[in-house]
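Using the numbering used here, read the sequence shown as starting at 566 and increasing by one per residue.
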Amino acid sequence: MKIAISGGSGLIGKALTKELTDAGHEVFILTRSSVNREQEPHVQYVRWLSGNTYPERELEGIDAFVNLAGENLNEGRWTEAKKERILKSRLQATRETVRILHSLNKKPEVLINGSAVGIYGTSYSRTFTEEDMEPGEDFLADVVSSWEEAAEDLPEETRLVYSRFGVVLSTEGGALKKMLPAFQLYAGGKLGTGEQWMSWIHLQDVAKGLKFLIDNKEIYGPVNFTAPNPEKMKHFGKTLSGALGKPFWAPVPSVMLKAILGEMSVLVLEGQKVLPQKLTDNGYKFAFPHLNEAFDDLLQ
C-alpha cells in the first residue's frame, strides 16, 4: 500500500513510519522542510504548506492518509499566542489534507485524522468511550472539536477515522520523557492530588493500532487510543518509581505545578478515564495492556 503521513517527523509519525515500512508499505511523509534527505527504504518526502507547493501531484494513487500534524502541546507555556498556534496549526493541516484529497483523481480509502481524548473534558468520576458525544468545555475540548470538524468535508469515497490519543508513553519524547529525570533523581512523587486519571498508551500500540485502522475497513468515526487499563496518577507514579527501583516521595502541590506550567498544568493535574472500546470490540490485541508491562518494556 501507499500511505501518506503528515507530522511524520514527530514521535507518533516516526513510529508509524517504521511499523508500515517494516510491513513492506510505501510511505510518503509530508514536510515543510527541504526534501533532500538521506534515502530511506520505502520512504519518500513530499513538501507541503510552504510556498507554492502542490503535494497532490506526488500523492496520486495513495491508499491511505494519516494526518498527525500540529503544534506540540507539551512544549512551552500556554500563552495566548501558543494557544492560537495550537489551534491554527491543526486547522491548517487538516484543511490542507481535505483539499489534497479532493484534488486526487483516485481518492484514498481512508483518512485517519489525529485527535485527542481531551475532547471529553476532565473528570475524576466519569468513564468515557467513543459513545460519549458531548465535548467538554475547556480549551483542549474546544480545540479537538474544531480539529475533528475540519476533517468532515472530505470526499464521500474516503472513510474518516479520528484517532483520539491519550498520553503516549515513550522514552523518546512526550510526557514520560519529561517525568523521568525527577524520578531517576529520587524526586518522584504524585502530581497534585493523585486522584486524577491518566489514560495512557504505549507508543508501540499507537503505531500498531493505526495500522490496524488502515487495514480494518469497517471502523470509522472516533477511536480512542488508550490502553484498556487507565491508572490514577498516584498509581502511575508508584508504578514508575517501582520500575526504576526508586522511592516514591512527597507529592508535588497543585499550586506549584500551576505556577510552573500555567494553563498547561491541566495535562497533568486533571484528566479523564477513557477506554478504547472500538479497538477492543474490533479485535485489536494490545501489546501492553497494563502499565507495569509498558514500563518493563520502555525502561529495561
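C-beta atoms are modelled at their ideal positions from N, C-alpha and C, and glycine is treated no differently. Predicted model only: the values in this text are computed from it and were never measured.
Which residues in the same chain have their Cβ closer than 8 Å to the Cβ of residue i, if we skip the five residues on either side of it in sequence?
i: A716; result: N632, T659, T662, V663, L676, N678, L725, Y727
i: V817; result: G754, K755, L756, G757
i: N794; result: P854, H855, L856
i: K811; result: F748, Q749, Y751, G753
Find the nearest neighbour of residue i within the set the options, judged by alpha-carbon distance.
i: T845; options: G774, L856, Q769, F801; result: G774
i: G786; options: A808, T723, L832, K799; result: T723
i: L778; options: N847, V820, P812, G754; result: N847
i: M566; options: P673, V708, E783, P795; result: P673
i: G578; options: L705, D770, N794; result: D770
i: L666; options: P720, I651, M698; result: P720
i: Y751; options: F693, A706, S806, W765; result: S806
i: E695; options: G731, D718, S668, R612; result: G731
i: N639; options: L624, G738, Q749, I627; result: G738
i: Q657; options: G572, A740, A588; result: G572
i: I866; options: Q865, E636, L864, Q609; result: This structure cannot settle anything about residue 866, because the visible part of the chain is limited to 566 through 865.
i: W765; options: M744, K742, F801; result: F801
i: Q865; options: A824, S735, K838, E783; result: S735
i: V708; options: K647, T586, P746, F748; result: K647
Please report the straight-line C-alpha distance between residue i and residue j, rounded to a whole angstrom.
i: I594; j: E621; result: 12 Å
i: T791; j: S690; result: 17 Å
i: K797; j: H855; result: 13 Å
i: I570; j: M763; result: 27 Å
i: D718; j: M821; result: 43 Å
i: N670; j: G683; result: 35 Å
i: L741; j: R612; result: 31 Å
i: K823; j: K799; result: 18 Å
i: E591; j: E584; result: 11 Å
i: Q837; j: G701; result: 11 Å
i: I784; j: G616; result: 36 Å
i: A588; j: H607; result: 10 Å
i: E605; j: G575; result: 17 Å
i: E636; j: V733; result: 16 Å
With respect to 8 Å, is the separation between the Cβ of residue i and the closest non-hydrogen atom of the ligand SAH below this value?
i: L840; result: This structure lacks the ligand SAH, and indeed carries no ligand of any kind.
So, does the CB of residue i fall closer than 9 Å to a CB anywhere in chain B?
i: G802; result: The structure shown contains no chain B, having only a single protein chain.
Which same chain residues, not among the five before or five after residue i, have their C-beta less than 6 Å away from its C-beta?
i: L705; result: G683
Given residue i, which residues of its chain have a CB within under 7 Å of its CB, disregarding the five upstream and five downstream residues?
i: A815; result: G754
> Can you list the beta strand (DSSP E) stretches of 3 or more residues lying completely in the region 797 to 859, in chain order?
Replying inline: Fully enclosed beta strand (DSSP E) runs of 3 or longer: 814 to 817.
> Counting pairs of beta carbons, one from the region 712 to 729 and one from the region 668 to 681, are three or more of them closer than 8 Å?
Replying inline: yes
> Counting pairs of beta carbons, one from the region 642 to 658 and one from the region 827 to 835, are three or more of them closer than 8 Å?
Replying inline: yes
>> I'd like the ranges of any beta strand (DSSP E) spanning at least 3 consecutive residues and lying wholly in the region 593 to 637.
In response: 608 to 612, 629 to 632
>> For a minimum of 4 consecutive residues, which ranges assigned as the alpha helix (DSSP H) are wholly contained in the region 697 to 778?
In response: Segments of the alpha helix (DSSP H) lying fully in the region 697 to 778: 704 to 715, 739 to 749.
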